[in-house]
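Participant: Before we start, here is the structure in question, set down as structure tokens.
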Amino acid sequence: MKDLSKKVEKDGVKKYEPRERETLTLFAVKHKNVVKISGSFPSVDHSIFYHVLEFCDYDLSQILGCRNIKFSFPEIKTILKQLFEGLSHIHQLEVMHRASEVLLLQRNYGTAVDMWAAGCVMVEMFTRIAILPGESEINQLDLITSLSGSINSEFYPDSENLPAFASLRLPRDRTRKISRRSKVGAKF
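Residue numbers (the numbering used here): -5 to 182.
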């Protein structure tokens, strides 16, 4: 199950946040490389929506953590091809997945947000280590900035104007470490 943020109520009208609209769109997605949503229900106070996802025996981090399972280069290419086919399909429906822009409540973003996540999966396939195993949205942003440096206007134009940027108080002095950590077998 996956939870989503609150609905915003304005003048008595419920408005879905962008992630919720995207998730509702996912109910209609029919693609072999996209996990299906089989149901949805609200919490008792209706502040959170839970979505029931198709059951998968294992997630990628569990498989990569099992040293008995070895992937050949052609198998990795096949898995990544499936990932990109699924992303392409949901992008055609104008559905995006999470990246730092989404976590900072950026409202105007495109398919490039998923390239960050896809790049992380590619690194994880080769290193066999989850590089950003966040447990919450703030923890995820902390891990992203510890790897790719502080979010600032030099690398992320208009970052100071993002709705969640000021309230999160993220470290402002982190340097990029991604090039040092992208070698096969490197510890993240």
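Just so you know, even glycine gets a beta-carbon here, dropped at the ideal spot from N, CA and C.
If we call anything under 8 Å between Cβ atoms a contact, is V28 one with G80?
Facilitator: Numbered from 1 along the sequence shown, position 34 holds the residue referred to as residue 28. Numbered from 1 along the sequence shown, position 86 holds the residue referred to as residue 80. Going by C-beta atoms, V28 is nearer than 8 Å to G80.
Participant: Would you report the Cα separation of R221 and G128, rounded to the nearest angstrom?
Facilitator: As displayed, the chain neither begins before -5 nor continues past 182, which places residue 221 out of reach and without an answer.
Participant: In the structure shown, what three-state DSSP assignment does H83 receive?
Facilitator: Taking the first residue of the sequence shown as 1, we reach residue 83 at position 89. Note: H83 maps to helix in three-state DSSP.
Participant: With burial defined as no fewer than 16 other Cβ atoms inside 10 Å of the residue's Cβ, what is the status of G179: buried or exposed?
Facilitator: Stepping through the sequence shown from its first residue, residue 179 is reached at position 185. Only weak support is given to the placement of G179: the predicted model assigns it a pLDDT of 49, under 50, and the question is left unresolved by the model.
Participant: Can you name the start and end residues of the beta strand (DSSP E) that F43 belongs to?
Facilitator: Indexing the sequence shown from 1 puts residue 43 at position 49. Unbroken beta strand (DSSP E) run through F43: F43 to L47.
Participant: So is S32 buried or exposed if we call it buried at 16+ other beta carbons inside 10 Å?
Facilitator: Counting from 1 along the sequence shown, the entry for residue 32 is found at position 38. Flag for S32 reads exposed.
Participant: Report the three-state DSSP secondary structure of I31 (helix, strand or coil).
Facilitator: Residue numbering aside, residue 31 sits at position 37 when the sequence shown is read from its first letter. Here I31 sits in strand by DSSP.
Participant: Under 8 Å between the Cβ atoms of D138 and L126?
Facilitator: For the purposes of this step, residue 138 is taken as the residue at position 144 of the sequence shown. For the purposes of this step, residue 126 is taken as the residue at position 132 of the sequence shown. The sequence given here places Ile at residue 138; Asp does not occur at that position. Result yes, Cβ atoms of I138 and L126 sit closer than 8 Å.
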